[in-house]
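Residue numbers (the UniProt record's numbering): 1 to 386. What follows is a single structure, written as structure tokens, with notes after it.
Listed below in structure tokens is the structure:
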């Protein structure tokens, strides 16, 4: 294995891969020998992160890499740049796109890969309800097309025609139910990805000389806004309750679910101005504003943008996330109710990457194998974790 390939694995384990690097890694993993090498590195990474001392880290590193060398799979020429211990001693790693399923390694024994199980709860898919100006509701789903005078849909996204919608002063609404996701291309070319349980209202046509305004009623949306320079200087604004986000052309994410007490705005590129009550904040890339709906405060923090917006790429990336928050995310995507009977379990934190294409049962089995939960039961659309 070359040094470049080894660095690629390190970047995967640190969750820092670019899209191009993802493609390179997946192509490399097509060879069985490379998959075996990759698995060894995943195991080494897990054991090293759970070691209590630097001495143990060195010992475990040498043991695992020695095993790899004996099988002629890797040279082990450099050492992992890893932290000493993960919170709650739990890690989830998914070998994406290789048909290998889930792998989890417990710190006390060498577990075998979690077995693939039959799924009774389907993962989410593309789909939405388009509400036209006259109240007509159109169900949009994979395998079905829709078209009217100014909008077309292939069941996975809707696209508005700027020229055909020019004379229209109508408003449309897209509702994305739990267990669904959808994409909208507005008349100005702005692209919006909507996560499960979201609702967006917008004009069919934006009038020149006016601010382009849309409203995120609730849920989560990622915006890739066309620059104001392409629209005579007209800015773009997203309204939500007491908050508004004003941009000139940028990429950002807004998370504003009804059951949550905070509204999160995460900037990926460009600049945005967030207004909340009497507070104003200018965000730069990697900034996240947190508008607290209860106490009326607006705070700014630095975040991992890739983790915050991974849902758009078909992933969930959790970085020291409590199980209580993880199950909320899973319940939206799989459209199920998930109950944790022991309140202490809700605070156990996990770090890892999940694919949105994985059956829920695989994820539950993986969490169960951590030994932090005893069992889980599935009854129709309800999951009880014990």
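Each residue gets a CB set at the ideal place from its N, CA and C atoms; glycine is no exception.
List the whole-angstrom C-beta distance separating residue i from residue j, where the pair is believed to meet the contact cut-off of C-beta under 8 Å.
| i | j | result |
| --- | --- | --- |
| residue 186 | residue 160 | 6 Å |
| residue 264 | residue 204 | Not quite, the Cβ-Cβ distance comes to about 29 Å (not below 8 Å), so this is no contact. |
| residue 123 | residue 333 | 7 Å |
| residue 218 | residue 171 | Wrong, their Cβ atoms sit about 17 Å apart, outside the cutoff. |
| residue 300 | residue 307 | Not quite, the Cβ-Cβ distance comes to about 17 Å (not below 8 Å), so this is no contact. |
| residue 261 | residue 294 | 5 Å |
| residue 309 | residue 253 | 5 Å |
With DSSP as the reference, label residue i as helix, strand or coil.
| i | result |
| --- | --- |
| residue 326 | helix |
| residue 130 | strand |
| residue 10 | helix |
| residue 294 | coil |
| residue 23 | helix |
| residue 203 | strand |
| residue 299 | strand |
| residue 229 | helix |
| residue 3 | helix |
| residue 305 | helix |
| residue 221 | strand |
| residue 253 | strand |
| residue 281 | strand |
Nearest by alpha-carbon distance to residue i: which of the options is it?
| i | options | result |
| --- | --- | --- |
| residue 322 | 232, 131, 352 | 352 |
| residue 336 | 381, 344, 281, 308 | 381 |
| residue 373 | 239, 341, 359, 361 | 341 |
| residue 221 | 176, 354, 248 | 176 |
| residue 359 | 121, 37, 38 | 121 |
| residue 168 | 132, 156, 196, 153 | 132 |
| residue 241 | 268, 35, 255, 229 | 255 |
| residue 415 | 158, 208, 288 | Lying outside 1 to 386, the shown extent of the chain, residue 415 is not represented and no answer is given. |
| residue 188 | 125, 2, 248 | 248 |
| residue 207 | 200, 163, 317 | 163 |
| residue 367 | 329, 216, 385, 378 | 385 |
| residue 153 | 138, 165, 166 | 138 |
| residue 397 | 270, 245, 128 | Only positions 1 to 386 of the chain appear in the structure, and residue 397 is not among them; the question remains open. |
So, for residue i: in the same chain, excluding its five sequence neighbours on each side, which residues have a beta-carbon less than 6 Å away from its beta-carbon?
| i | result |
| --- | --- |
| residue 191 | 185, 224 |
| residue 173 | 131, 201 |
| residue 158 | 151, 184 |
Got a sec? Which residues, its chain only, sit under 7 Å from residue i by beta carbon, not counting five neighbours each side?
| i | result |
| --- | --- |
| residue 211 | 234, 235, 237 |
| residue 5 | 28 |
| residue 346 | 322, 323, 324, 340 |
| residue 125 | 142, 180 |
| residue 276 | 242, 243, 291, 298 |
| query | Residue ranges of each beta strand (DSSP E) run of no fewer than 3 residues wholly in the UniProt domain "Protein FecR C-terminal" (316–385), ordered along the chain? | reply | 337–340, 349–355, 376–379, 382–385
Taking the runs of the beta strand (DSSP E) that are 3 residues or longer, which of them lie wholly in the segment 157–197?
-> 157–160, 171–176, 180–185, 191–194
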